[in-house]
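K.L.:
So the numbering used here is basically just the index in the sequence shown, starting at one, shifted up by 1.
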Amino acid sequence: MEEIPSPKDMRGAAGVAVTLAYATGLAGVVAGALLFQRGETTIGVVVIVITFAIGAALMIASYLVRGLAAVLAHITALESDVRVLLADRSARDPRRRDRGDAGDRSPWP
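1) Report the residue from V50, L59 and R90 whose alpha carbon sits nearest the alpha carbon of Y23.
2) Taking just the CA atoms, how far does R93 sit from T25?
3) Using the Cβ count rule (16 or more neighbours within 10 Å means buried), how would you classify T42?
4) Looking only at its own chain, which residues have a Cβ that is under 6 Å from the Cβ of S63, when we skip the five neighbours before and after it?
5) Relative to the C-alpha of S7, which candidate in A74, V30 and L79 has its C-alpha closest?
6) The alpha helix (DSSP H) spanning R39 covers which residue range?
7) Could you work out which residue in A32, A88 and G13 is closest to A71 when comparing CA atoms only?
8) Between L65 and I44, what straight-line distance do the alpha-carbon atoms span, to the nearest angstrom?
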């Protein structure tokens, strides 16, 4: 099974997606302007619209990845809090210490 990326890695990927979105928009404007200068208005408009759509999709993907990174960070924090609470609970429960390694697996005291 593949390893789940860390929230830091996901935020980095979101930053790359934003950079690509801006680069795509800039390339679309430049290409569209060059096509307008040559008199190919229809193709220029099509190029600008397509690059705008690609940039918008990259920005949406960036926002989704940032949201997933935030959720993953919260889940990781909750997981560590639950581990601490379970360790405190088992340290305070005298019934668990008397059973030894069996713990909850053995139904008989």
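Yeah, the Cβ is synthetic: ideal placement off N, Cα and C, and Gly gets one too. Note that the structure is a prediction, hence the values are computed from the model and not measured.
P.N.:
Once the coordinates are examined:
1) Counted from its first residue, the sequence shown places residue 23 at position 22. Nearest of V50, L59 and R90 to Y23, Cα basis: L59.
2) Along the sequence shown, one-based indexing puts residue 25 at 24. Along the sequence shown, one-based indexing puts residue 93 at 92. For T25 and R93, the distance between alpha carbons rounds to 59 Å.
3) Numbered from 1 along the sequence shown, position 41 holds the residue referred to as residue 42. Under this definition T42 is an exposed residue.
4) On the sequence shown, position 62 is the one that residue 63 refers to. Excluding residues within five positions, the ones whose Cβ falls inside 6 Å are A15, A18 and V19.
5) Within the sequence shown, the letter at position 6 stands for residue 7. Comparing Cα positions, the closest option is A74.
6) By 1-based counting over the sequence shown, the position of residue 39 is 38. Segment: none, R39 is in no alpha helix (DSSP H) and carries neither H nor E.
7) Position 70 of the sequence shown, counted from the start, is the residue given in the question as residue 71. Nearest C-alpha to A71: G13.
8) Numbered from its first residue, the sequence shown carries residue 65 at position 64. Numbered from its first residue, the sequence shown carries residue 44 at position 43. Cα to Cα, L65 sits roughly 32 Å from I44.
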